[in-house]
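Protein chains: 2
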Amino acid sequence: MPTEDPKLDQLKRLLGENDDLRKAATLLFWDQRVMMPPGGAEARADALATVSRLTHERFVDDELGNLLEDLKGLEETLDYESDDASLIRVTRRDFDKAVRVPPELTGEMRRASALASADWGLAKQNADYPSMLPHMEKHLELKHRYVACFDTPDETYDVLLDDYEPGMKTSDVRAIFDTLKEELLPLIQEISEAGDVDDSFLTGEFDPGAQQAFSLEIVRRFGFTDEEWRLDTTAHPFMTTPGHGDVRLTTNYRPHDTTSLFASMHEFGHGVYEWGVAPELSRGPLGSGVSLGVHESQSRTWENLIGRSRPFWRYFYPRLQEHFPQFGSVDEEAFYRAVNKVHPSLIRIDADEVTYNMHIILRFELEQELIEGRVDLRDLPEAWDARMDEYLGIDVPSAREGVLQDMHWSSGSMGYFPTYALGNVMSVQIWERLKEDVDVDEQMERGEFGEIREWLRSRLYVLGRKFEPQETIERVTGSRIDPGPYVRYLREKLAPQPA
Amino acid sequence: MPTEDPKLDQLKRLLGENDDLRKAATLLFWDQRVMMPPGGAEARADALATVSRLTHERFVDDELGNLLEDLKGLEETLDYESDDASLIRVTRRDFDKAVRVPPELTGEMRRASALASADWGLAKQNADYPSMLPHMEKHLELKHRYVACFDTPDETYDVLLDDYEPGMKTSDVRAIFDTLKEELLPLIQEISEAGDVDDSFLTGEFDPGAQQAFSLEIVRRFGFTDEEWRLDTTAHPFMTTPGHGDVRLTTNYRPHDTTSLFASMHEFGHGVYEWGVAPELSRGPLGSGVSLGVHESQSRTWENLIGRSRPFWRYFYPRLQEHFPQFGSVDEEAFYRAVNKVHPSLIRIDADEVTYNMHIILRFELEQELIEGRVDLRDLPEAWDARMDEYLGIDVPSAREGVLQDMHWSSGSMGYFPTYALGNVMSVQIWERLKEDVDVDEQMERGEFGEIREWLRSRLYVLGRKFEPQETIERVTGSRIDPGPYVRYLREKLAPQPA
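These protein sequence lines are chains A and B, in that order. Residues in the first sequence are numbered from 1 upward in steps of one, following the numbering used here. Residues in the second sequence are numbered from 1001 upward in steps of one, following the numbering used here.
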């Protein structure tokens, strides 16, 4: 759709082409994880590197910089909320950040990440932190060089955080996390004192075929269609969209539990956010979710606020019993309590809704201590283990279940983790606002999710990257990120009931 | 691997990156046909168009032209047969052709092809040639503009042919096809007079799952491994390689016949050719099969020379009977004769080994008549039907089974068809040479294909695009393309035996 300004048209053409390249890279990545025979690894690494590098080179080219300069006048005449003004504003922000980083450094970071990621699997398996140490030292050195590309921030960590949660400051996150800590540590204590919930029936033999069929049944009721979605299996589940109207979920059916059901709902939440971005934004830099935190708020909405709720299981529990006859002797309330069991544990991705946040806070704190040199990389495992003991009262048997459990640090990602807990916080803020307009319990009890999805789509998903994350949340909920609703939700749902 | 010449290194880097982009486009295409949900069509068309256009723009850039100019001196010092000399020589040929065509014309041809291809399915279904006529007229006009980009050829058709079978002249093909016509028309007559072969048991109910299992069993014995290959289903089977060590076959299981077995072997033949290209050529313009004709020679080798041979079925017939118990009452010889039945029919892709060539000759002749204006596009269906009567003695009920049966013309491909019959001719030339070194019958009877595959790999596949097609055939067989062995093979195998 040509506008009347040739410079703006040129900007859109250029950004559209870059988005086409980004989608090609997305598909190369999805296929690598889901479809590619192992023999294709080397050629795929070359193809991904070239497509990513060309996309970056085209983006930081003077042509784009000059266009943005030329468009300043036009931008001032446009309505701030318009798609065109947002496109220019967001592109300028992305461009100003991108041009500060020399291509050599970008390349070095990418290589370091690829090399270290390749070694992480074996290091984790062998609980061999020392073998990863040289990679981690390299990453940390590169992070310091990266930070130095930007104006001196209030806190060094601000620069890392901004890549994942644009506009957010370390001090903002710290304030939110301090509240979480203050509220959740006593809650965890109370729950622990109330005694154990029986969840023994959640482990056993669960036919992967039945898991797949039931996962599909759930996400189809959520809005998954064969016309626009896929659900495949892979080792480490993720969601990606190689094009508008082409949403790809992946999941992993473990034969001895049914966690895949929640993983599928989680990935659906990521997928439906991308699915709902306004089509007219879809071929360009505004055409995706606005930040990792807001993305996680939606995966958590569909996994936890919906998928671990009583009304959801009111509808789906009889269906679950059909797929898995072993639940015939388990009553609905016992199942509900089991899938919501709060219990300190070692592994972040398996953690419950309450303790999950402590896993994140631990990582957020250690990341700051690392980048500020207050913890030495050589002492990281000990620092990790001590913090696990402090926050969750558990012993870490080895680096496999400790500092090496996640790929993030090994692949050079720092500043990413806090977005998970921010997502939890935002999910409830948005959900509370949604409940003012939609009787969610009544809907879910009937297995209906259309009104919920449509509310989220039309208020949040449709915006894509038009506004900054905090601004987006404010537009949807009326207030900035606020942990209040989240801690109230956790306490109401999960605190022990007085006898 | 850097050489000692910086210009040559630069050439290799540039061509390597272009090959990465080509592989990205290959994957975008494969996924579109095999995996993509329909909703992704528009975004995929954009991504494919951008990646293809950027690849082309980078290829015709002055940078490459200057490099080729600068490398002339080096090229003269290099051994003609070396990889480096071949790289420069083949790239120069590709470049000289590519720069002659203005980007606007390339773009117009691509658009016309996309638009017409989209309409072809419905036009074929409705046997509605008039609705395709405007597309065909556009294609023909574009072809004339395309031909005009090149030096005046001996025959206009030479320019079209050269895109699919580099170095081949229309007169060469005509000479080969004249021999085929002369030999095959009487052979078809003889066979027809000898009476009908019973192949009624080849139609019935054939479980697609069993077809898939048996297809896989066959191609695994041929050399398919999960490490480097995939076999998926799609509407119109094809083979593609999004990377070295990543060969993707597709096939289509029709529930009422077992043609998928031959289709799978056919695609394996294409796949194993790409699979066998020397790894050191794989990231660049030499890293694929040399021409459509030579490619087809290999698909036909594995489909017909192997897959329709007596020794092949000596080994596989009992296995077939296990997968499809309905063959329990059919003896091996009767089955062998049925899958080799020669009988004039309407549809090229279902034709037997003998009449197939007449389908091609018909198209080769009509293409020349069209491009030279001797047949008007409006009269094409009549010309088609008349030629079908002349060569195969059959009536064409409608354009669905006639001029619209293939997508090639509707999508703007002219000059492509003859490569199919050239492939048949070359397949037997190569096979005869192979038989001097390998006791193929003894191998196949034992279900062993390693020696055959290895001979073909080390003599032919490994060469990639280093030499022109005719030159490649000469290096492998000792002679230029020659229809003699092929017609002898057909007569020996398929002529009626004197009683």
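Just so it is clear, CB atoms sit at the ideal spot from N, CA and C, and this is done for glycine as well.
Specify the secondary structure class of residue i as computed by DSSP and reduced to three states.
i: R1248(B); result: strand
i: M1036(B); result: coil
i: W1302(B); result: helix
i: H1439(B); result: Correcting the residue type first, residue 1439(B) is Asp in the shown sequence and not His. In this structure, D1439(B) counts as coil in the three-state DSSP scheme.
i: L261(A); result: helix
i: M1132(B); result: helix
i: D389(A); result: helix
i: M414(A); result: coil
i: R433(A); result: helix
i: R1446(B); result: coil
i: D9(A); result: helix
i: R1283(B); result: coil
i: G426(A); result: The amino acid at residue 426(A) is misidentified as Gly; the sequence shows Met. Residue state, collapsed to three classes: helix.
i: M1358(B); result: helix
i: A378(A); result: Sequence check: residue 378(A) is Arg here, not Ala. Looking at R378(A) - three-state DSSP - the assignment turns out to be helix.
Starting from residue i, find everything on chain A with Cβ-Cβ shorter than 7 Å and list it in chain order.
i: L1404(B); result: The contacting residues do not exist; L1404(B) stays about 28 Å from chain A at best.
i: E1017(B); result: T50
i: P1285(B); result: Those within 7 Å of P1285(B) in chain A number zero; the least Cβ separation is about 15 Å.
Could you tell me whether the Cβ of residue i comes closer than 7 Å to any Cβ of chain B?
i: L27(A); result: yes
i: D31(A); result: yes
i: P37(A); result: yes
i: G223(A); result: no
i: A43(A); result: yes
i: R230(A); result: yes
i: T50(A); result: yes
i: D20(A); result: yes
If residue i and residue j are in contact, beta carbons under 8 Å, what's the gap, nearest whole angstrom?
i: A256(A); j: E205(A); result: Checking the sequence, you will find His at residue 256(A) rather than Ala. Contact flag correct, Cβ pair sits at about 7 Å.
i: T241(A); j: N252(A); result: Contact flag wrong, Cβ pair sits at about 19 Å.
i: A1047(B); j: K23(A); result: 5 Å
i: R1230(B); j: R1254(B); result: That pair is no contact at about 20 Å.
i: V1500(B); j: E1183(B); result: This structure cannot speak to residue 1500(B), because chain B is shown only from 1001 to 1499.
i: S1309(B); j: A1127(B); result: With 8 Å as the limit, S1309(B) and A1127(B) do not qualify as a contact, their Cβ atoms being about 37 Å apart.
In chain B, which residues lie with their C-beta within 8 Å of the C-beta of residue i?
i: P496(A); result: Within 8 Å Cβ-Cβ: nothing; P496(A) doesn't reach chain B, min ~45 Å.
i: S282(A); result: A1043
Using a Cβ-Cβ cut-off of 7 Å, state whether residue i counts as contacting chain A.
i: G1121(B); result: no
i: G1245(B); result: yes
i: E1057(B); result: no
i: K1023(B); result: yes
i: G1084(B); result: This sequence places Asp at residue 1084(B); Gly is not what is there. Not one chain A Cβ lies under 7 Å of D1084(B).
i: A1047(B); result: yes
i: D1062(B); result: no
i: D1196(B); result: no
I want to verify the contact list: residues of chain B whose CB lies under 9 Å from the CB of residue i, in sequence order.
i: E227(A); result: P1037, P1038 and G1039
i: P103(A); result: Per Cβ cutoff of 9 Å: no residues; P103(A) is ~15 Å from chain B at best.
i: D9(A); result: The contacting residues do not exist; D9(A) stays about 16 Å from chain B at best.
Would you say the beta carbon of residue i is closer than 6 Å to some non-hydrogen atom of the ligand ADP?
i: A1148(B); result: With respect to small molecules bound, the structure shown includes none, and the ligand ADP cannot be examined in it.
In chain B, which residues lie less than 7 Å from residue i when you measure between Cβ atoms?
i: D288(A); result: The amino acid occupying residue 288(A) in the given sequence is Ser; Asp does not appear at that position. None at all; the shortest Cβ gap to chain B is about 12 Å.
So residue i contacts chain A; which residues on that side make the cut at Cβ distance below 9 Å?
i: P1237(B); result: By Cβ distance, chain A contributes nothing, its closest Cβ being about 18 Å from P1237(B), past 9 Å.
i: P1418(B); result: Chain A residues near P1418(B): none, gap ~32 Å exceeds 9 Å.
i: P1242(B); result: L28, D31, M36, G40, A43, R44 and A47
Are the stretch 347-366 of chain A and the stretch 102-122 of chain A touching by the rule of at least three beta carbon pairs closer than 8 Å?
By the C-beta criterion, the stretch 347-366 of chain A is judged not to be in contact with the stretch 102-122 of chain A, since fewer than 3 inter-stretch pairs fall below 8 Å.
- Message: Can you confirm whether the stretch 335-346 of chain A touches the stretch 370-381 of chain A when touching is taken to mean that 3 or more C-beta pairs between the two stretches lie within less than 8 Å?
- Response: Pairwise C-beta distances place the stretch 370-381 of chain A out of contact with the stretch 335-346 of chain A, as fewer than three of them are shorter than 8 Å.
Report task. Taking 8 Å as the threshold, find out whether the stretch 1087-1103 of chain B comes into contact with the stretch 1293-1308 of chain B through three or more Cβ pairs. Result -> Segments in contact, no.
Pair every Cβ in the stretch 16-35 of chain A with every Cβ in the stretch 1208-1227 of chain B, then say whether three or more of these pairs are closer than 8 Å. In short, these stretches do not touch, since the Cβ pair count stays below three.
Using 8 Å as the cut-off, can you tell me whether the stretch 1141-1154 of chain B makes contact with the stretch 1447-1455 of chain B, which would need three or more C-beta pairs spanning the two stretches below that distance? In short, these stretches do not touch, since the Cβ pair count stays below three.
Exercise for the section: Spell out a yes or no on whether the stretch 1299-1317 of chain B and the stretch 1269-1289 of chain B are touching, meaning 3 or more CB-CB pairs, one atom from each, closer than 8 Å. Expected result: The stretch 1299-1317 of chain B vs the stretch 1269-1289 of chain B: in contact.
Counting Cβ pairs closer than 8 Å, one from the stretch 1366-1374 of chain B and one from the stretch 1425-1436 of chain B, do we hit at least three? They do not touch, by the three-pair rule.
- Message: Using a Cβ distance threshold of 8 Å, determine whether the stretch 99-112 of chain A contacts the stretch 137-149 of chain A, with at least three qualifying pairs required.
- Response: Enough Cβ pairs lie closer than 8 Å, so yes.
* If you pair each beta-carbon of the stretch 393-409 of chain A with each one of the stretch 453-468 of chain A, do three or more pairs fall below 8 Å? -> Taking a contact to require three or more Cβ pairs closer than 8 Å, the stretch 393-409 of chain A and the stretch 453-468 of chain A do not qualify as touching.
Taking three-plus beta-carbon pairs below 8 Å as touching, is the stretch 1190-1207 of chain B in contact with the stretch 1488-1499 of chain B?
Output reads yes: the stretch 1488-1499 of chain B touches the stretch 1190-1207 of chain B.
For this session: Evaluate the contact criterion for the stretch 1132-1142 of chain B versus the stretch 1409-1416 of chain B: three or more CB pairs, one atom per stretch, below 8 Å.
Result: The stretch 1132-1142 of chain B makes contact with the stretch 1409-1416 of chain B: 3 or more CB pairs, one atom from each, lie closer than 8 Å.
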